């Protein structure tokens with residue numbers, strides 16, 4: 001029971017309902033107030049996102065119409081977003097490369113560190129974990145100022161590594177913390193059994209722990225990828241060439257092709273394109289993501 | 300929590316000599332496993348912090364060489380970057396950014412916590428449509444901040460939907476209180492659900508018997524909330540609030556994209572530092588970021604001390 005305490009929010013809720021308090025809950029559930037509450041949450045969360053999608057699908061000529069549905073719907077904004085002048089396609093690729101590499105590197109380092117912190121017995125564990133968590137609290141700007149100077153000196157400006165390496169400053173503490181929590185949830189008898197069967201600690205890790213930890217690693221990968229994909233301050237600072245900018249940066253810097261100063265329609269459709277992979281990931285893996293967020297409590 | 304109870308105490312069983320070498324082996328393995336991460340963190344955080352600290356004390360002086368007539372750049376160590384922060388025109392800019400950072404933090408965290416707790420209370424009852432609610436609550440969280448800033452910029456445009464709904468004619472994204480408010484609204488939208496999610500996780504481990512007992516004792520719903528739900532949910536809530544505070548204190552992309560860089564009404568310390576850096580005034584930029592860093596550290600320390608946010612413990616506790 002204790003192992004799964006943090007993991008399955010929904011299950012606990014259900015078993016609780018089965019155990020008792022059903023009467024009160026049911027009454028509450030049937031009251032219109034409950035539906036109003038649920039509807040309020042859904043509208044609160046989705047209405048602005050819906051507006052982004054609707055605006056993306058309008059014709060540029062009726063961009064400023066405030067009707068609830070795009071009539072007639074059109075893909076002109078989307079085409080404009082991908083038009084060659086914007087470099088949006090390339091920026092998407094850059095985002096994938098930067099976020100993907102950050103995720104892979106972070107996981108490799110994070111898994112080994114988290115395994116040691118969670119399951120090996122050595123001195124200074126608490127201190128190391130505290131230092132790592134404290135590091136996630138540093139304001140990004142404090143890291144960016146000196147790094148920009150350093151990258152200028154070693155000619156890393158406008159390179160992928162200039163975005164990937166600093167990204168690890170927030171991705172690594174997040175990953176180590178989440179993975180430590182996941183590794184700790186596994187019963188310690190596993191390694192004992194492996195050792196009795198003659199495994200070295202390294203073998204116990206590879207053959208017993210890793211296969212079982214795969215779901216936790218996957219959850220961490222999603223959260224780290226989303227965090228890296230959303231990164232802005234580093235990307236906007238260390239890159240000034242359009243071909244190297246990430247999607248977030250380039251969309252915020254779209255310049256107007258229409259008569260208005262800011263091409264909102266194009267930006268909204270590009271925003272939808274940037275967001276859709278994340279929304280799909282959220283829909284597919286919502287349970288895992290919630291599990292990771294509540295285990296870590298980090299953004 | 301029950302795991303270690305069943306865990307056999309292996310040190311007692313092993314012969315002393317072997318146990319020691321085994322222990323050293325484990326220590327070495329741990330060092331191998333942990334050091335790459337510490338090395339990277341030292342490189343991407345440790346080095347920049349130390350470097351920023353050094354940078355913040357460097358004052359570059361531009362002058363003309365009397366012999367050659369060329370512009371020279373010399374640098375010297377001085378406290379000027381810091382003393383300049385607090386006086387004159389730069390002082391006004393700094394205190395404005397400090398004020399914005401602080402008001403954003405206090406106001407957004409209070410509103411977000413209130414909305415988040417309400418959401419958690421509703422979701423805690425939710426059975427039908429639980430999946431829908433959970434998926435929709437993750438959407439604001441998943442949208443990149445820069446994109447959500449653009450989205451709100453569009454909503455708050457002069458002819459945008461916000462003015463249409465309110466039947467108002469506010470120029471939201473121009474300098475003034477309305478710009479500040481726009482940032483608060485956009486931030487609240489994005490992160491209140493996140494707090495709701497964390498608080499919900501805390502609520503769901505409260506045993507139903509506690510509520511039963513309260514009901515038997517004749518406690519009203521309001522009283523149950525204040526006397527049972529809130530105290531029991533406090534550990535989860537405190538951690539959520541702490542993370543939000545640290546996040547808002549360093550807020551950058553939302554005001555940067557929604558209103559713009561270097562706009563007095565929404566300029567935070569992060570943006571101010573970035574602006575200085577972008578104009579190649581690295582010394583002042585580093586001084587601002589160091590002040591922000593100290594501010595964040597103080598807030599975190601006070602918060603952990605006063606409210607007892609147990610962050611590290613949450614990770615370690617699981618092994619017991």
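Protein chains in written order, with this note's numbering: chain A, 1 to 299; chain B, 300 to 619.
For glycine and all other residues, C-beta sits at the position ideal for the given N, C-alpha and C.
What you are looking at is a predicted structure, and each value in this text was computed from that prediction instead of being measured.
Candidates the options, of which the one nearest residue i by Cα
| i | options | result |
| --- | --- | --- |
| residue 540 of chain B | B/492, B/589 and B/344 | B/492 |
| residue 192 of chain A | A/120, A/273 and A/110 | A/120 |
| residue 69 of chain A | A/163, A/36, A/32 and A/56 | A/56 |
| residue 37 of chain A | B/393, B/428 and B/378 | B/428 |
| residue 497 of chain B | B/412, B/384 and B/570 | B/412 |
| residue 583 of chain B | A/105, A/132, A/141 and A/75 | A/141 |
| residue 394 of chain B | B/481, B/571, B/431 and B/452 | B/571 |
| residue 564 of chain B | B/391, B/335 and B/368 | B/391 |
| residue 436 of chain B | A/246, A/44 and A/292 | A/44 |
| residue 536 of chain B | B/423, B/517 and B/415 | B/415 |
| residue 86 of chain A | A/229, A/170, A/271 and A/254 | A/254 |
Cβ of residue i within 9 Å of any chain A Cβ
| i | result |
| --- | --- |
| residue 491 of chain B | yes |
| residue 376 of chain B | no |
| residue 474 of chain B | no |
| residue 302 of chain B | Per-residue confidence for residue 302 of chain B stands at a pLDDT of 38, beneath the threshold of 50, marking its modelled position as unreliable; the derived number appears in the next sentence. Yes - at least one Cβ of chain A is within 9 Å of the one on residue 302 of chain B. |
| residue 555 of chain B | yes |
| residue 558 of chain B | no |
| residue 381 of chain B | no |
| residue 589 of chain B | yes |
| residue 578 of chain B | no |
| residue 453 of chain B | yes |
| residue 343 of chain B | yes |
Partner residues on chain B for residue i, Cβ-Cβ distance less than 9 Å
| i | result |
| --- | --- |
| residue 156 of chain A | Those within 9 Å of residue 156 of chain A in chain B number zero; the least Cβ separation is about 13 Å. |
| residue 208 of chain A | Correct list: empty, because the minimum Cβ distance to chain B is about 15 Å. |
Chain B within 9 Å of residue i, Cβ atoms only
| i | result |
| --- | --- |
| residue 92 of chain A | no |
| residue 199 of chain A | no |
| residue 32 of chain A | no |
| residue 258 of chain A | Residue placement at residue 258 of chain A cannot be trusted, given a pLDDT of 49 that sits under 50; what the coordinates show is reported in the next sentence. Closer than 9 Å: no. |
| residue 44 of chain A | yes |
| residue 13 of chain A | In this prediction, residue 13 of chain A scores a pLDDT of 41, lower than 50, which makes its location untrustworthy; the coordinate-derived value is nonetheless stated afterwards. Cβ-Cβ to chain B under 9 Å: yes for residue 13 of chain A. |
| residue 128 of chain A | yes |
| residue 244 of chain A | no |
| residue 21 of chain A | Bear in mind that the predicted position of residue 21 of chain A carries a pLDDT of just 44, short of 50, making it unreliable; the figure below should be weighed with that in mind. With 9 Å as the cut-off, residue 21 of chain A counts as an interface residue toward chain B. |
| residue 172 of chain A | yes |
| residue 140 of chain A | yes |
| residue 236 of chain A | yes |
| residue 103 of chain A | no |
| residue 294 of chain A | yes |
| residue 4 of chain A | In this prediction, residue 4 of chain A scores a pLDDT of 36, lower than 50, which makes its location untrustworthy; no coordinate-derived value is stated. |
Beta-carbon neighbours of residue i, restricted to chain A and to distances below 9 Å
| i | result |
| --- | --- |
| residue 360 of chain B | Chain A residues near residue 360 of chain B: none, gap ~18 Å exceeds 9 Å. |
| residue 604 of chain B | Those within 9 Å of residue 604 of chain B in chain A number zero; the least Cβ separation is about 14 Å. |
Closer than 8 Å: residue i CB and nearest the ligand FAD heavy atom
| i | result |
| --- | --- |
| residue 544 of chain B | Here there are no bound small molecules, and the ligand FAD is not part of this structure. |
Chain A residues whose Cβ lies nearer than 7 Å to that of residue i
| i | result |
| --- | --- |
| residue 552 of chain B | 232 and 233 |
| residue 584 of chain B | 145 |
| residue 339 of chain B | 109, 168 and 172 |
Delimiting residues of the alpha helix (DSSP H) encompassing residue i
| i | result |
| --- | --- |
| residue 422 of chain B | 387–424 |
| residue 479 of chain B | 476–502 |
| residue 149 of chain A | 140–153 |
| residue 379 of chain B | 379–384 |
| residue 132 of chain A | 125–135 |
| residue 187 of chain A | Residue 187 of chain A -> no alpha helix (DSSP H), and no H or E assigned at all. |
| residue 573 of chain B | 568–577 |
| residue 248 of chain A | 247–252 |
| residue 440 of chain B | 429–441 |
| residue 367 of chain B | Segment: none, residue 367 of chain B is in no alpha helix (DSSP H) and carries neither H nor E. |
| residue 548 of chain B | 529–548 |
| residue 229 of chain A | 210–229 |
| residue 199 of chain A | Note, residue 199 of chain A: premise wrong, no alpha helix (DSSP H); not H, not E. |
| residue 522 of chain B | 520–523 |
| residue 77 of chain A | 76–82 |
8 Å Cβ cut-off: residues of chain A touching residue i
| i | result |
| --- | --- |
| residue 443 of chain B | 229, 230, 232, 248, 274, 275 and 278 |
Partners in chain B for residue i, counting only beta-carbon separations shorter than 7 Å
| i | result |
| --- | --- |
| residue 38 of chain A | 421, 425, 428 and 432 |
Residue i at chain C interface by Cβ criterion, 9 Å
| i | result |
| --- | --- |
| residue 482 of chain B | The structure shown has no chain C; the protein chains it does contain are A and B. |
Where residue i meets chain B, residues with beta-carbon distance less than 8 Å
| i | result |
| --- | --- |
| residue 48 of chain A | 439, 447, 450, 451, 454 and 488 |
Taking Cβ-Cβ distances below 7 Å as the criterion, which residues of the region 52–72 of chain A are in contact with chain B?
-> Listed by position, the residues of the region 52–72 of chain A near chain B (Cβ gap below 7 Å) are 52, 55, 64 and 66.
Could you list the residues in the region 391–425 of chain B with a C-beta less than 9 Å from some C-beta on chain A, going in chain order?
-> Within the region 391–425 of chain B, the qualifying residues are 414, 417, 418, 420, 421, 422, 423, 424 and 425.
Could you list the residues in the region 106–123 of chain A with a C-beta less than 8 Å from some C-beta on chain B, going in chain order?
-> Cβ contacts with chain B: 109, 110, 112, 113, 115, 116, 117, 118, 120, 121, 122 and 123.
Chain A contacts made by the region 456–469 of chain B, where a contact means CB separation under 7 Å = Taking a C-beta cut-off of 7 Å against chain A, the contacting residues of the region 456–469 of chain B are 456, 458, 460 and 463, listed in chain order.
Proximal residues, the region 174–193 of chain A versus chain B, C-beta separation under 8 Å = Flagged, chain order: 176, 177, 180, 181, 184, 185, 187, 188, 189 and 192.
Within 9 Å of chain A by C-beta, residues of the region 514–527 of chain B in sequence order | Correct list: 514.
Residues from the region 590–601 of chain B in contact with chain A, defined by Cβ distance under 7 Å | Answer in chain order: 591, 592, 595 and 599.
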